[in-house]
Structure formats: structure tokens, C-alpha cells
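Protein chains in written order, with this note's numbering: chain H, 80 to 626; chain Y, 848 to 1372. Even for Gly, the Cβ is constructed at its ideal location relative to N, Cα and C. One structure is given here, and the rest of the page talks about it.
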Amino acid sequence: MNFESILTGVMNDASWGRSLGLFAPELILCVSIVALLLLRLVNADRWLPSYLIPLFASLTALGIAVYSFFQMHGAIEGIPTPGTTQTMFTGLLAYDSLTLFLRVFLLGFLALVVTLTMLSGIPDAEDGPDFYTLLLGSTIGMMLMSSANHLLILFLGIEMTSVPSYAMVGFLKGRRVSSEAAFKYVVYGAGAAGVMLYGISLLGGLTGTLEMPVLASRLSALLGPGGMNDPTSRTVALAAMMVLVGLAFKLSVFPFHFWCPDAFEGAAAEVGGYLSVASKGAAFALLVRFLLAFTGGTSVDLTSLNLALGVGLGVVAAATATFGNLAAYSQTNVKRLLAYSTIAHAGYMLMGVAAMVVLLNGPGGVDAAAKGEAATCIEGLLYYLAVYLFMNLGAFAIVAFIRNEIYSEEISDYAGLGRQVPLLGACMMICLFSLIGLPPFGGFVGKFMIFASLFQAGKIHMAMWVILVIGTLNTIFSLFYYLRVLKVMFLESRPEGARRARVSFMPSGAFVLLVTLPLLLLGASPLVNSMSDAATRVASMLVAAVR
Amino acid sequence: MDPLTLLTAIIFLPAAGALALVAFDRKAEETMRYFALAITAATFMLTLFLWREFDSAKSEMQLVVNLPWIRQWNVNYYLGVDGISMPLILLTSLICLLSMMASWSIKKQVQGYLMLFLILETGILGVFLSLDFFLFYVFWEVMLLPMYFLIGIWGGPRKEYAAIKFFLYTLAGGVLMLIALLMFYFNSGRSFDLLHLAAIGQGKVEGFAFNPTVQIIAFILLFIGFAIKLPAFPVHTWLPDAHVEAPTPISMILAGILLKLGGYGIIRIAFPLCPFGAQYAAYALVLIGAVSIIYGAFAAMAQTDFKRLVAYSSVSHMGYVLLGMAVWKINEANGAAVGRDYWLMGMNGAMFQMLAHGISSAGMFFMVGVIYDRVHHRDLNKFGGLMQLMPDYSGLAVGIFFAGLGLPGLCGFIGEIFVVLSTWNYSKTLAIVAASGVILTAGYILWTIQRVYLGPEYKGPHAEDITPMNGREKAIAWTLLIFAIVLGVYPEMMFKVMRSSMDALIVSLDAGYQAVSAAVETAQK
Chain H
80 MNFESILTGV MNDASWGRSL GLFAPELILC VSIVALLLLR LVNADRWLPS
130 YLIPLFASLT ALGIAVYSFF QMHGAIEGIP TPGTTQTMFT GLLAYDSLTL
180 FLRVFLLGFL ALVVTLTMLS GIPDAEDGPD FYTLLLGSTI GMMLMSSANH
230 LLILFLGIEM TSVPSYAMVG FLKGRRVSSE AAFKYVVYGA GAAGVMLYGI
280 SLLGGLTGTL EMPVLASRLS ALLGPGGMND PTSRTVALAA MMVLVGLAFK
330 LSVFPFHFWC PDAFEGAAAE VGGYLSVASK GAAFALLVRF LLAFTGGTSV
380 DLTSLNLALG VGLGVVAAAT ATFGNLAAYS QTNVKRLLAY STIAHAGYML
430 MGVAAMVVLL NGPGGVDAAA KGEAATCIEG LLYYLAVYLF MNLGAFAIVA
480 FIRNEIYSEE ISDYAGLGRQ VPLLGACMMI CLFSLIGLPP FGGFVGKFMI
530 FASLFQAGKI HMAMWVILVI GTLNTIFSLF YYLRVLKVMF LESRPEGARR
580 ARVSFMPSGA FVLLVTLPLL LLGASPLVNS MSDAATRVAS MLVAAVR
Chain Y
848 MDPLTLLTAI IFLPAAGALA LVAFDRKAEE TMRYFALAIT AATFMLTLFL
898 WREFDSAKSE MQLVVNLPWI RQWNVNYYLG VDGISMPLIL LTSLICLLSM
948 MASWSIKKQV QGYLMLFLIL ETGILGVFLS LDFFLFYVFW EVMLLPMYFL
998 IGIWGGPRKE YAAIKFFLYT LAGGVLMLIA LLMFYFNSGR SFDLLHLAAI
1048 GQGKVEGFAF NPTVQIIAFI LLFIGFAIKL PAFPVHTWLP DAHVEAPTPI
1098 SMILAGILLK LGGYGIIRIA FPLCPFGAQY AAYALVLIGA VSIIYGAFAA
1148 MAQTDFKRLV AYSSVSHMGY VLLGMAVWKI NEANGAAVGR DYWLMGMNGA
1198 MFQMLAHGIS SAGMFFMVGV IYDRVHHRDL NKFGGLMQLM PDYSGLAVGI
1248 FFAGLGLPGL CGFIGEIFVV LSTWNYSKTL AIVAASGVIL TAGYILWTIQ
1298 RVYLGPEYKG PHAEDITPMN GREKAIAWTL LIFAIVLGVY PEMMFKVMRS
1348 SMDALIVSLD AGYQAVSAAV ETAQK
């Protein structure tokens, strides 16, 4: 079969046009990347600010994504609501509620990040097109990750996300720390990708397919009795763990987190904010998809394997949260502190995923009750992600704006800033309190949902109750270091001769307020209901597809 | 006014005021103070209006508001008042008004101070009005944030330490409460409705029950959470630090209201939801209460810092609250309460003690603050002779300290005597212990009065700065003293509000314990 025949085959496929239509948001981003690069050839970047194209592209794509999200959930009338999962491109990509939720999440976030970079002035006009090319490229990769329906796309998505991320971390070219951070990130990333690819090849070899929806039934047929004494079971467990290593790297889960603090410290705060939120969101969507692909089927052996996997994930999650929170204590750099906080939050969210796996593999099998409870876990995860977007972006944005004023990211240099820039101080306070997980901010609702999932999962495996207790204890651990930042900002006075910070309300203050206000709305307003409702719909559609 | 508007206005008027304060110019401090004062006064008026709408004859929840909030989780915006919360709501809005008047002593960052103060008031009122456990928890934690900054920014020399300690203790208690909350939620078919949960806990709902294990574990978790707030020995150690370091008005709120939240939580949540657990732990509770009384009194006696002395007196006085609630003696054979009327008396005494302590401790902290503002020290050994220099102040202070002492005719007496009498029925030894606490209290308060107000002349620092009280300070002190006298002479004013609800609570707890223990025995056979 030569290239031409493949091409004609694809073009003649009836579903081709439909897939392209559903893929519109990604295509818009692709077109804008090409436009960014081509406009440079005609020197258009001299008179056209480089952020305009990505901003316009992300907003357009966001509009389409929001429309299709509501269309799928029947909020827009006259259009039938598809009940089951659809696929794009001959089953390579899934087009379901999770895809759309993550599209809205990622594109909305992209628009916010582009606005932030526009306001904070990183990158400068010269580097703009390059930076936005990388930014858009990795966003496309993340969108592929979140809709992956095939193990090959899983790998491609992760790589497409990672490669631009490496470059973005090292984007502050002159700085040694930055280059070092990027280098560490690349080495770790390459290693993790290799391990993951090996795991995928094992799975492919065993089951004869890379399509995720059929994995569970193929594995059910393959696995023999006897648990880990069965060689096939061992290989499957090994393969699953190897794939999970790759994902754990993207999620910066303990013990694959080492790159994270260095990368965040070296990268600009804007990039740190982008990586911490977007790649987490996409990687969690992918993790849920991968684990759901393993779930189902009729084999008791697969169920017990999955249960062990779920409890194992829970233990890893508890270790991650504890490690992240404890390691954050001794940090003196705000970005490094936020990096450890990111690790801890990955731990909390992973607890929700672990609870989902445990609930779906209980003694009752995948019945309606189990599906309902598992949907709660995914709901909690999605809610947490939505809140996490605002609280982390808010914190990083404030760090970026303050850096532009005082040229420092050391916590000790923040002394007395709460009085000098009250708006930024108050918003930082809201973001950090939300990160601790205190009402009335959104972080509490997300955390509450995750803890509720763990409590339910405890009925199937006692270990989940232990993890719940560790999770709640972590809330107390995390108090100290978040409060330390606030203590310095509010309780200490600005030393004599320190550089004076001036942040005007328009536009920087307004942007920070725009990012922070949703935290209050998602914590103590009727919007909590709307968000929880949307997350539940997504979750139950996703779980309904498990057989 | 319909209940929805009234209750929502009571809770959120202070928060709205805080938001409105953003619009003021940072320099217009005096205007902002009067504005914030107007907000607290309006809130007080609204609670008086609520009292008028409230029907004391009814024992059930009144003026109930129930709107869905998070449907997926069955969380509701569920508010209401009964005879237990009504007096505490009045106390809250009164003390907030008075401490706002006392806030003229705050000189720095006035705008931020007033905003946080008002947010704090919203949190407290929300806790007292919530009937949904989730909502209760949200308001409970909302109080933490402003309190941290109020102590941490405007506090004394060790403010940072005191603020983080307060935060840490309360958050730890909150986390335990969160686990208990999840236990109730998933064992009740997903409900946060405190009344419904109480009915399940008391075995009144077909098909659902909190079994003894759940009740005992949940009760212990809840109790630790509330005991921290109360505070009871041995988790009281945050209190002396927080009270001493906090600025005067915040000390007034801390001692006058925040401590009551612990008692309210026990009486509203811990007891009704797990009567079996409460009865199981009753002896321990009584013991903790008695120890707190004695320990607090001895610790107070040993202090040389005036404010620290008042702080420890709070530990001692709140011990009576715990003691009064827990004197629940049962007949081992059938689980019925023995001498239920004594227990009722103890409960009523505990409730009244909360109100009395709210008045007297706020007054004591205010009185300490008044002298501290003038001489800038609180060392008991350097006072003396204030009676000559500030006769008005000293007279009022002595009156308020006597209210704290529990002198008959003043508010402190009623609660203490009720509690001590009811304890006799439960355990004669512990009753004697508790009663001896009264003597210790008299000891340290009289000694304090002697050291501070009596004596020939004031020899401490800043003698030249001692000026008579101004009109604002006199108004606050007189109000508190009048309330102390009124409540002491005519306690029926508050007893009639709480009577029917308290009666109903005791009856249902008694029946609830019998139902659960009967179910246990049937299961054992």
C-alpha cells in the first residue's frame, strides 16, 4: 500500500468530514500556529502584536467548544443528545463528554494564559511568535491526550505536550537556572516516555490491539486464575505500571516528581502556571481514560488486579500529598513552594482517581450503584480541576506581576506587600486559602468531594479510609507553608528601602480579580450547584460507557 | 418580613457591609468606623426583630428557610431558630455591637480591620442559624480566616505565634468534624439535614440508624472539635495565647462569642446526633468539665498578666458548661435517665452559663483593655490604687468582675449554681470538686480586685496617662453591667426563651438513648 492509496482511502471514508468538523477547535489552533510562523516571514510581527493571533484563536476555539459541550448535554435545544461515546478518525480519538469538558477547560485556560503573558510582558515582542507557537502546540497535545482512545494517541499526545513544554521551561535563554531546569525536564521526560512506550508495546503484544475500549474484554479473556502466579497477569500488571509511570511523570506524582520544583523555579511564573494546571488536567483525563479501559469485563482476575492497582494508586497518592506538603516547608522561593504545592495537589486529585478504580472493582462488580459512586469520584476530580485552574493560575499570575515590580521571587522579599498592593494581597490570600481547602472558597468543595469519594471507597477496601485520614491530615500540614507566605505579606511590614511595588487596577489588578473571583463563586454561591451538575453529567456519561 | 429575607439579612448584612467598605477612601477612617458601627447596630436591630417574631412557646424550629443549594449532594440553604440558638444569636449581635464600639482603640489599617471584623460576624451568625451540616461547616471555617488576621496583624508582641496556634487548633478540630460529617452523610442515605440526622441518631427513622460504633466514633470526633473551641482541658492551650495577644475588641468577641460556638456545637450536633455516644462518654465529659474548672481557676490564680488571668478564668467558667450538659445519669437496667429534671437543670444551667460568661468575660476583657490603653502594661503587681484615680472605671470593673465571680444577683451566679446542684445528682464527688471551683474563682477575682483597684496609690509606669473613661467606654461598660444585673435578677428573661426547646431536647435525647440501646440489646440476643 503506497502513500497515495492510503490518502485516497482516507479521503473516501465517509466519516472523514464529520471527524474534521468535530476536530474544529484543534484545527483552529493548528491554523493559528501556521499563521504565526508564516507571518514572521513577511515581517508582520513588527506591526502586529504576537499575542493577538493566539488570543483570537483560543477564544474562537473556546466558543466552539462551549457550544458543543452544551449541545452534547442537551442544553441547546433542537439538537439530539447523543447518549453514547462517539469516536473521531476511525476510533483514534474519543468524542465524549470528557473530551468536551477538557476542551473547554484547556481552551479557557489557554485564553487566560495568553492574556496573562500579554499583561506581564513575557515573552517580549521579538520572541512572541516562538513562544506562542510552543504554547499552542502543547495545548493541542493536551487536547489529544484528553481525548485519546488509542494507546498510540496516548503516547503521541504526551510527547506532543512534553516537547514544547521542555522548550518553554528553558525559554528565558540567558538564565542558567532556566537552561538547567529545561535539561532536567528533558532527561526525565525522555526516560519516562521510554518506559511508557515499552509498557504500551507489552500491552499491544499481549492483546493484539492498541484500542482502549476493547482492552478490558481482551484482557479478561487472557488472564488466568491464580493472581500474580499467572505469568500473563504479571506481564499485564507490569505493562500497566509502566504506562502509569509515564503518566505519573506528567502528573509529577511521587516518586516521579523530581523534575517539578527545578522546572518551576527555572521557568517563568507564567509558564509554571501553565504547566501546573493544563498538563495536570490533560494527564488526569488521560489517566481516567486509561484506567477505565482496564475496567469492566467479566474476569474476576482482572477485577482483583484492578483493585490492587487502585489501592496502590491510593497509597502513591497519599505519599505524594504528604511528600509535597512536607517538602514545601523549607522553601524560600515562591515558585518552588508552589511547585511542591502542585505536587501535593496532584496527590489529592489522584486520591479521587484511586477511589474510582476501587469502587468500580468491588465485589459487586460494575453495577448501577458502583457506577453512581464512581461518577461521584470523577465529579470530584473535575470540580477540583476547575477550581485548581483558578487558584493556581491566580497564585502564579500574582507572582508574575509582583516579579515585574520588585524583581524577586523570594518569599522574604514579599514582606509587607499586603499593605502596599492590597488587591494583589487579598487575591493571593484567597488563592492560598483555597489551596489549603478552606471554605468559603472553591478548593474546599473540591476537596470535600474527593474526601467523600474516599470515604465511600473505604467500604470496599479499608485502606481507603487510612488514605482519607492521611488526606485530611495533609490539610493541616499544608496550613503552615501557605500561611507563611501570607504571614510575610500581611503580618510583617515593608522594610525601609525595599523596592516599592505599584500595580495598577487596570489591567493587571482586574485580571487577577477575574481569576480569583471564581474561587468565591465556586465555593459559596449557587454556581457550586451548576458546576457540580455539569461535572456530574460528564462523569455519568463517561462511566455509563463502562461495561 | 418573611423568614428568608430576615435570616439572610441577619447573616449577610455584615458581609455586605464589609464589601461596601472597599468603596471608602483609605484615609476616611472615622467615616468607616461609623459605617461599620451602623452595620453592627442594624444587625443587632434585626436580631431583636427576630426575637419578636420568635415564639417562645414552641419547641421546634421556627422561621425555617430551606432552599436547595448543591442538589447533587443534597446540600441545602437550610436555616432556622429555636430556643437554643435564639439567645446565642442575641448575644452575638450584642457583643459584636459593643466590641465594634470598643474598636476605636484600633489605630492602624482601619479599613482592613473593619472588613475582617464584619466577615467574622457573618461567620458566627451563620453557624448559629444553620441547620444544614455542610452549611454549618462552611460558616464554622469561615470564621478562621478573619480571626487569623485579626490576631496576627492587630495583636500584641507574640501575635504571629498566637495566630497560627489558634488557626492550627481550630483547623484540626474542623478536620475531625469533617470526617464525622462524612460518616453521618453516608450512613443516613446522603443527608446533611441536622434535624433529620438527629432523628436517625435517636432511632426515630425507619430504615436508617447510626449504630453504636458509628455514634461513639462520631461523638468523639465531634467532641474533640468542639472541645477545642470551648475550650476544655487539655486542648485549651491555644486560648491564653490567642486571648492575650488579640486586640481588646477581638478578645471580647473571642471570649464572649467564639467559645460559645463550642458549647453550641455540642448541644446542637454532638448530643442530638449521637445520644448513645454522648451517654457512653458522659462520665469523661463530666470529669473533663470538673478538671477544666479547677485547672482554669488555679492557672488564673498563678498569673501576673491581667489579661492572661481573665483568659484562664474563661477556661474555668466554660468548664461549667461542659459539666452541666453531661450530667446524664442513666438506670443501667433500662437506659432511662435517672433524675431527668436534674439533667435538664444542668443543661439549662450550661446554656445560661454561656450567656452569662458571654457578658461577663467580654466585660472583663474590655475593662483590661481600657486600662491597658492608658498605661500600656498588664502586670498585676504594678497596679493598685486605681480606685482613687478612676473611680467610675473601677466601680464598673468591680461590678463586672463580681458578675464573673458569680455573686448572687449577678448573671454568673445562676449558671454556676444550676450546674453545681445538678451535678450532685450525677456524682457527689464531682459536685464537691465543682463547687470548690466557686471558692477558687472568688479567690482569684477578689485578689485581682485587691491588687488592681484597691491600695493606696498607683506606682506603675505611665501614671500620668491615667485619664477617666470617655463616654464611649462608659457606654460599653454600663451596657455590659446592666445586662449582668438584669440577667442575674431576672434570669427568666432568657430561660423563657429556651425552656420549651430544652425540655424537648432532653426528652428526645432520653428516648433516643433508650431506643438505640434497646436495639443493641435485641441484636445481642
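Asked, Found
"Buried versus exposed call for H/Phe512 [16 or more other C-beta atoms within 10 Å across all chains shown]", "buried"
"Spatial distance of Y/Leu1069 from Y/Ile1113 (CA atoms)", "8 Å"
"Contacting residues, own chain, Cβ-Cβ under 7 Å from Y/Gly1205 (five flanking each side not counted)", "Leu938, Ile942, Gly1103, Ile1104 and Lys1107"
"Exposed unless 16 or more other CB atoms sit within 10 angstroms - verdict on Y/Ala904", "exposed"
"H/Val121, enclosing alpha helix (DSSP H) - first and last residue", "Careful: H/Val121 lies outside any alpha helix (DSSP H) and carries neither H nor E."
"Y/Met1148 beta carbon less than 9 Å from that of Y/Leu1287", "yes"
"CB-CB length for H/Val367 against H/Val432, believed under 8 Å", "6 Å"
"Partners in chain H for Y/Trp1294, counting only beta-carbon separations shorter than 7 Å", "Chain H residues near Y/Trp1294: none, gap ~36 Å exceeds 7 Å."
"Secondary structure of Y/Asn1181, DSSP reduced to three states", "coil"
"Min CB distance H/Met528 to chain Y below 9 Å", "yes"
"Opening and closing residue of the beta strand (DSSP E) in which H/Ala173 lies", "Leu172 to Tyr174"
"Distance between beta carbons of H/Ile477 and H/Leu656, contact taken as under 8 Å", "There is simply no residue 656 of chain H to check, as chain H begins at 80 and stops at 626 in what is shown."
"Y/Ala1331 and Y/Ser1207 closer than 9 Å at C-beta", "yes"
"Which of helix, strand or coil DSSP assigns to Y/Leu1086", "helix"
"Neighbour flag for H/Glu629 against chain Y, beta carbons, 9 Å", "The question about residue 629 of chain H has no answer, for chain H in this structure spans 80 to 626."
"9 Å Cβ cutoff, H/Gly157 in contact with chain Y", "In this prediction, H/Gly157 scores a pLDDT of 43, lower than 50, which makes its location untrustworthy; the coordinate-derived value is nonetheless stated afterwards. For H/Gly157, the answer is no, since every Cβ of chain Y falls outside 9 Å of its Cβ."
"Supposed close pair Y/Gly1002, Y/Ala1093 - CB separation, criterion 8 Å", "5 Å"
"Neighbour flag for H/Phe534 against chain Y, beta carbons, 9 Å", "yes"
"CB contact check: H/Leu558 to chain Y, cutoff 9 Å", "yes"
"Reduced DSSP secondary structure (H/G/I, E/B, other) of Y/Asp1239", "helix"
"Nearest residue (CA-CA) to Y/Gly1109, options Y/Lys1076, Y/Tyr1219 and Y/Ile1026", "Y/Lys1076"
"Spatial distance of H/Phe534 from Y/Ala1129 (CA atoms)", "28 Å"
"The segment 555 to 581 of chain H: positions lying closer than 7 Å to chain Y by Cβ", "Ile555, Leu558, Leu562, Lys566, Phe569 and Leu570"
"8 Å CB neighbourhood of Y/Asp1350 in its chain, flanking five on each side removed", "Ser906 and Leu1191"
"Start-to-end residues for the alpha helix (DSSP H) that takes in Y/Gln909", "First-last for Y/Gln909: Gln909 to Ile917, but that is the beta strand (DSSP E), not the alpha helix (DSSP H)."
"Inter-residue spacing [alpha-carbon to alpha-carbon] between H/Met428 and H/Leu460", "6 Å"
"Backbone secondary structure at H/Met167 - three-state DSSP", "strand"
"For H/Asp341: DSSP bridge partner residues", "Note: H/Asp341 sits in no beta bridge, so no partner."
"Under 7 Å (Cβ pairs) to chain Y, residues found in the segment 388 to 406 of chain H", "none"
"Residues of its chain near Y/Leu945, where Cβ-Cβ distance is below 8 Å and the 5 sequence neighbours each way are ignored", "Met1099, Ala1209, Phe1213, Ile1323, Thr1326 and Leu1327"
"Min CB distance Y/Trp1085 to chain H below 9 Å", "no"
"DSSP-derived helix/strand/coil call for Y/Tyr925", "strand"
"Chain Y residues whose Cβ lies nearer than 7 Å to that of H/Phe512", "Leu992"
"C-beta contact flag for H/Gly441 and H/Leu384 at 9 Å", "no"
"Per-residue DSSP class, three states only, for Y/Asn1034", "helix"
"DSSP state of Y/Asp1226 mapped onto helix, strand, coil", "strand"
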